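Visitor: Respectively, the protein sequence lines represent chains H and X. Be aware that the first sequence starts at 159, since it is given in our numbering, and climbs by one per residue. Be aware that the second sequence starts at 12, since it is given in our numbering, and climbs by one per residue. Note that the Cβ used here is the ideal one computed from N, Cα and C, for glycine as well. The structure presented is a predicted model; accordingly, all values stated were derived computationally and were not measured.
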Amino acid sequence: MTPVLEVQNLCKHFEMHHLGQRLMAFDGISFALNAGEFLLLRGPNGVGKSTLLRTLYRSYLPRAGHIWYHTTEGRIDLARAADVDIALLRRREIGFVTQFLIARPRVAAEDIVAEPLRRAGVAAGDALKEARRWLDEFGVKRDLWRAYPTTFSGGEQQKVNLARALILPQRLLLLDEPTASLDVGARAALVRRLSDLKAQGVAMIGVFHHPGDVASLIDREIELTANEVSEDVAL
Amino acid sequence: MVSERTVGMTQALSLLPPQLMTTPPLLTMTGVSRRYGDVVALHDVSAVVYPGEVLGIVGESGSGKSTLLRMMNLEDTPDTGDYRLALPDLAGNLFGLDRFARRMLCATRIGIVYQNPHQGLLMQHTSSGNVAERLLIAGERSFANLRARGRTALEASEFPLDRMDARPIELSGGMQQRVQLAKAIALEPALLLLDEPTTGLDVSVQALVLDTLKRLQRDRAITMVIVSHDLGVIRTMADRVMVMRRGRVVEQGLSDQIFQDPQHDYTQQLVHAKL
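1. Do residue 157 of chain X and residue 146 of chain X have their C-beta atoms within less than 7 Å of each other?
2. Looking only at its own chain, which residues have a Cβ that is under 8 Å from the Cβ of residue 263 of chain H, when we skip the five neighbours before and after it?
3. Contact between the segment 38-56 of chain X and the segment 242-253 of chain H is defined here as three or more beta-carbon pairs at a separation below 8 Å; is this criterion met?
4. On the premise that residue 200 of chain H lies in contact with residue 382 of chain H, defined as a C-beta separation below 8 Å, what is that separation, rounded to the nearest angstrom?
5. How big is the Cα-Cα spacing for residue 296 of chain H and residue 349 of chain H?
6. So is residue 299 of chain H buried or exposed if we call it buried at 16+ other beta carbons inside 10 Å?
7. Less than 7 Å between the C-beta atoms of residue 254 of chain X and residue 69 of chain X, yes or no?
8. Measure how close the beta-carbons of residue 245 of chain X and residue 237 of chain X come, nearest whole angstrom, since I'm counting them as under 8 Å.
9. Residue 280 of chain X touches chain H at which residues, Cβ-Cβ below 9 Å?
10. Counting only Cβ pairs nearer than 8 Å, list the residues of chain H close to residue 251 of chain X.
11. Consider the Cβ of residue 363 of chain H: report whether some Cβ of chain X lies at a distance smaller than 7 Å.
12. Please list the terminal residues of the continuous beta strand (DSSP E) segment that includes residue 54 of chain X.
13. Rounding to the nearest angstrom, what Cα-Cα distance links residue 266 of chain H and residue 251 of chain X in this structure?
14. Does the segment 118-131 of chain X come into contact with the segment 200-207 of chain X, if we say contact requires no fewer than three beta-carbon pairs (one atom in each stretch) closer than 8 Å?
15. Please confirm if residue 197 of chain X has its CB atom under 7 Å from at least one CB of chain H.
16. From the DSSP output, in three-state form, read off residue 341 of chain H for me.
17. Please state the DSSP three-state secondary structure of residue 254 of chain H.
18. Helix, strand or coil, according to DSSP, for residue 248 of chain X in the structure here?
19. Hey, how far is the Cα of residue 354 of chain H from the Cα of residue 161 of chain H?
20. Check each candidate in X/201, X/45, X/140 and X/212 and name the one with the smallest Cα separation from residue 287 of chain X.
21. What are the residues in the segment 226-237 of chain X lying within 8 Å of chain A by C-beta distance?
22. What would DSSP say about residue 376 of chain H, mapped onto helix, strand or coil?
23. Assuming residue 268 of chain X contacts residue 219 of chain H under a Cβ cut-off of 8 Å, what Cβ separation, rounded to an integer in Å, is found between them?
24. Tell me the rounded alpha-carbon separation between residue 67 of chain X and residue 249 of chain X.
25. State the start and end residues of the unbroken alpha helix (DSSP H) segment that holds residue 158 of chain X.
26. So which residues of chain X does residue 229 of chain H contact, with C-beta pairs closer than 8 Å?
27. From what residue to what residue does the beta strand (DSSP E) around residue 319 of chain H run?
28. Which residues in chain H have a C-beta closer than 7 Å to the C-beta of residue 61 of chain X? List them in chain order.
29. List, in order along the chain, the chain H residues whose C-beta lies closer than 9 Å to that of residue 200 of chain X?
30. I'd like to know if residue 264 of chain X contacts chain H, where contact means its C-beta is closer than 7 Å to some C-beta of that chain.
31. When Cβ atoms are compared, which residues of the segment 332-357 of chain H fall closer than 8 Å to chain X?
32. Does residue 97 of chain X come out as helix, strand or coil in the three-state DSSP assignment?
33. If we define contact as Cβ-Cβ less than 7 Å, is residue 237 of chain H a contact residue for chain X?
34. Does residue 263 of chain H come within less than 7 Å of chain X when only Cβ atoms are used?
35. Give the interface partners of residue 219 of chain X over in chain H, defined as CB-CB distance under 8 Å, in chain order.
36. Spatial neighbours of residue 225 of chain X within its chain, please: C-beta separation below 8 Å, excluding the five flanking residues on both sides.
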C-alpha cells in the first residue's frame with residue numbers, strides 16, 4: 159500500500175479579532191490514507207467536516223499538527239508548506255470538489271472544463287475534446303457547451319463544476335458534498351467517475367449528506383464529534 | 012525569506028521555504044523602505060513573485076500599494092532596498108540602474124496599466140500609434156512590422172480593430188484600458204503591472220476587462236502584479252495576496268486562504284467589510 163496522507167494531531171481554531179474570541183473547530187485529528195482508499199468523514203452538521211477538508215487543502219491555516227503528504231519526491235507537510243508549493247500541488251495533484259461552480263463572465267462551459275488540462279500543458283484541441291466528453295458524461299446538454307454557465311441553473315452549473323474538477327486525475331481528491339442537489343443521471347456519472355479514479359489509485363476524503371450515494375466506494379470512516387474525534391474505524 | 016505571517020496577532024504555524032517549487036522567483040524585492048518627508052510610504056517591504064504567478068496587493072488608500080508598484084516599474088527609488096528580476100543579462104540591484112537603463116528595461120521587459128489612461132497613453136495620438144511607440148523604443152523601424160505587431164497586441168487585448176486608428180480621447184474607459192494593455196504587452200514583457208486597472212469602469216465593463224486579463228494570463232502565462240482596493244478584483248485575478256497597511260505588509264497568503272481564513276485583525280476587517 160502506498161501512503162498518500164498522514165495527518166497527525168491536526169488542530170484548527172479561528173481567531174475572531176473583532177469579538178476577541180476564539181472558535182474551536184477541531185483538535186487532535188489523526189488518520190492515514192493510502193492510494194486508492196476512500197475515507198468518509200461523518201458527524202452532525204457544524205462539527206467541522208468541511209472545515210477539516212478546507213484545512214487539508216490549506217484554504218484554512220492549521221493551528222498545530224502535521225499533514226504529511228507523500229509526493230514522488232518525498233514527503234511534505236501541508237500544514238507548513240510554502241504557499242507556492244501548495245499552489246503547485248493544487249495544479250498537479252490535489253483537487254477539491256464542491257457543489258459550487260465559480261463561473262466567470264464570458265467563459266464558455268467547455269472552456270471552463272478544459273482549463274485544468276490546458277494548465278497541465280494539454281494542447282487546446284485535445285483539451286476541448288476531452289472537456290466535451292465529460293460534459294456529455296455528466297449530462298450537460300450539447301446546446302449549452304459553448305454557452306456561459308453564469309446563466310445556467312444551479313444543477314447545470316454543478317455538472318459543469320464536476321466535469322471541471324474531475325477531468326484531470328489527481329492523487330488526492332477532497333470531496334465536499336458534491337452530490338447535493340444532483341439529478342439521478344449526474345449522480346450515477348459522478349459515482350462512476352469516482353470509482354474509476356479510485357481504481358487508478360486516487361485517494362479520496364469525502365463529506366456526503368447522503369453517504370448512501372457513494373456507499374460502494376467507502377473503505378473507512380472517521381466520526382467527528384464536537385471538539386474531539388474518535389479513532390477511525392475500519393469497515 | 013522572512014514570513015510576514017507571524018507579524019500581528021497571528022499564531023498560525025509559520026511556513027517553510029519552498030521545497031517543491033524549484034524555479035526561482037522572477038521578481039524579488041527585499042527590505043524596501045521609502046519616506047516622503049515625514050510620511051512613511053513603505054517600511055521594510057519584501058515580496059517575491061514566481062514565473063506565471065499573479066500576485067494581488069490590497070489595502071486602502073495610503074497603504075503604500077501603488078507606491079510599491081511604482082517601485083517595481085522603477086519610477087521611483089527607495090531609501091533602502093533591493094530589487095531583482097531573474098532575466099537574462101540582468102544582474103544586481105535594479106535600483107542601481109541609471110535612467111537610460113531603467114527606461115530601456117521598463118520599455119522592453121515590464122508592462123504597466125495605470126488606473127488613469129492619461130498616465131499611460133498619449134490621448135491625441137492614434138491607438139495604434141500609442142502601441143507602436145513601445146515598439147519604436149525597442150528598435151522596430153519597419154512601418155509594416157509596426158502596424159502588424161501593433162495589430163496583434165490590440166487584438167490580444169480584445170480591442171476592436173476597426174477602431175485602431177481612433178484616438179484614445181474618443182474612446183470609452185474600457186477601450187482606453189485595452190489600448191493601455193495592448194501597449195503594455197506589445198513587447199511580450201516578462202512582468203505585467205496593473206494599478207487599479209478596472210477602478211472607475213462600469214461593473215459590466217470591469218468584468219470584460221478582467222476576463223481579457225485572465226485570458227492573457229492563461230494563454231501566455233504572463234507574470235502579473237495587480238494592485239486594487241477592490242477585493243472582488245483581487246479574488247478573481249490573484250493566486251496569492253499581500254495585504255498592506257500604512258506602508259507595511261500585514262499578511263500574505265494564498266488567495267482563498269486570505270479571503271476565507273484571514274489571520275490578521277486588519278485583514279479580517281477588510282474581508283468582512285466586503286459586500
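Guide: According to the structure shown:
1. Locating residue 157 of chain X in the second sequence gives position 146, where the first residue counts as 1. Locating residue 146 of chain X in the second sequence gives position 135, where the first residue counts as 1. Their beta carbons are under 7 Å apart, which means residue 157 of chain X touches residue 146 of chain X by this criterion.
2. The residue given as residue 263 of chain H occupies position 105 in the first sequence. Closer than 8 Å at the Cβ level, and outside the excluded window around residue 263 of chain H, lie 306 and 308.
3. no
4. Counting from one through the first sequence, the residue named residue 382 of chain H turns up at place 224. Counting from one through the first sequence, the residue named residue 200 of chain H turns up at place 42. Confirmed, Cβ separation roughly 7 Å.
5. Position 138 of the first sequence, counted from the first residue, corresponds to residue 296 of chain H. Position 191 of the first sequence, counted from the first residue, corresponds to residue 349 of chain H. Taking the straight line joining both Cα atoms gives about 11 Å.
6. Within the first sequence, the letter at position 141 stands for residue 299 of chain H. Exposed is the call here.
7. Against the second sequence, residue 254 of chain X aligns to sequence position 243. Against the second sequence, residue 69 of chain X aligns to sequence position 58. Taking 7 Å as the Cβ cut-off, residue 254 of chain X and residue 69 of chain X qualify as a contacting pair.
8. As a first step, residue 245 of chain X must be located in the second sequence, where it is residue number 234. As a first step, residue 237 of chain X must be located in the second sequence, where it is residue number 226. Rounded, the Cβ-Cβ distance is 7 Å, consistent with contact.
9. One-based indexing of the second sequence puts residue 280 of chain X at position 269. What residue 280 of chain X touches in chain H: 175 and 176.
10. As a working note, residue 251 of chain X is residue 240 in the second sequence. Per Cβ cutoff of 8 Å: 241, 242 and 245.
11. Translated into the one-based positions of the first sequence, residue 363 of chain H becomes position 205. Taking Cβ atoms only, chain X never reaches closer than 7 Å to residue 363 of chain H, which makes this a no.
12. Sequence index remark: in the second sequence, residue 54 of chain X carries index 43 (1-based). Start and end: 50-60.
13. Translated into positions along the first sequence, residue 266 of chain H becomes position 108. Translated into positions along the second sequence, residue 251 of chain X becomes position 240. Each residue's alpha carbon lies about 25 Å from the other.
14. yes
15. The residue you call residue 197 of chain X lines up with position 186 of the second sequence. Chain H contact via Cβ: absent.
16. The residue given as residue 341 of chain H occupies position 183 in the first sequence. Reduced to three states, the DSSP call for residue 341 of chain H is coil.
17. In the first sequence, residue 254 of chain H corresponds to position 96, counting from 1. Of the three classes helix, strand and coil, the one that applies to residue 254 of chain H here is strand, per DSSP.
18. One-based indexing of the second sequence puts residue 248 of chain X at position 237. In the structure shown, residue 248 of chain X sits in a helix (DSSP, three-state: H, G or I).
19. Counting from one through the first sequence, the residue named residue 354 of chain H turns up at place 196. Counting from one through the first sequence, the residue named residue 161 of chain H turns up at place 3. If I take the Cα positions, the gap works out to 19 Å.
20. Limits of chain X in this structure are 12 at one end and 286 at the other, which puts residue 287 of chain X out of reach.
21. Reference to chain A is not applicable here, since the protein chains of this structure are H and X.
22. Counting from 1 along the first sequence, the entry for residue 376 of chain H is found at position 218. The answer is coil: DSSP assigns residue 376 of chain H none of H, G, I, E or B.
23. As a first step, residue 268 of chain X is located in the second sequence; it is residue number 257 there, counting from the start. As a first step, residue 219 of chain H is located in the first sequence; it is residue number 61 there, counting from the start. Rounded, the Cβ-Cβ distance is 6 Å, consistent with contact.
24. Numbered from 1 along the second sequence, position 56 holds the residue referred to as residue 67 of chain X. Numbered from 1 along the second sequence, position 238 holds the residue referred to as residue 249 of chain X. Rounded to whole angstroms, residue 67 of chain X to residue 249 of chain X spans 5 Å at the Cα level.
25. Here residue 158 of chain X corresponds to residue number 147 of the second sequence, with the count starting at 1. Element bounds for residue 158 of chain X: 154-167.
26. Against the first sequence, residue 229 of chain H aligns to sequence position 71. Near residue 229 of chain H (Cβ distances below 8 Å), the residues of chain X are 31.
27. Within the first sequence, the letter at position 161 stands for residue 319 of chain H. Looking at the DSSP string, residue 319 of chain H is not in any beta strand (DSSP E); the run it does join, the alpha helix (DSSP H), is 312-324.
28. Sequence index remark: in the second sequence, residue 61 of chain X carries index 50 (1-based). The answer, in chain order, is 242.
29. In the second sequence, counting from the first residue as 1, residue 200 of chain X sits at position 189. The premise fails here: residue 200 of chain X is roughly 21 Å from chain H at the closest Cβ pair, so nothing lies under 9 Å.
30. Position 253 of the second sequence holds residue 264 of chain X. It does: the Cβ of residue 264 of chain X has a partner Cβ on chain H nearer than 7 Å.
31. none
32. Residue 97 of chain X sits at position 86 when you count from the first residue of the second sequence. It is coil, neither helix nor strand.
33. Within the first sequence, residue 237 of chain H is the residue found at index 79, counting from 1. So yes, residue 237 of chain H belongs to the interface.
34. If you number the first sequence from 1, residue 263 of chain H lands on position 105. It does; some Cβ of chain X falls within 7 Å.
35. If you number the second sequence from 1, residue 219 of chain X lands on position 208. Residues of chain H passing the Cβ test: 263 and 264.
36. The residue given as residue 225 of chain X occupies position 214 in the second sequence. Once the five neighbours on either side are set aside, the close Cβ partners of residue 225 of chain X are 247 and 248.
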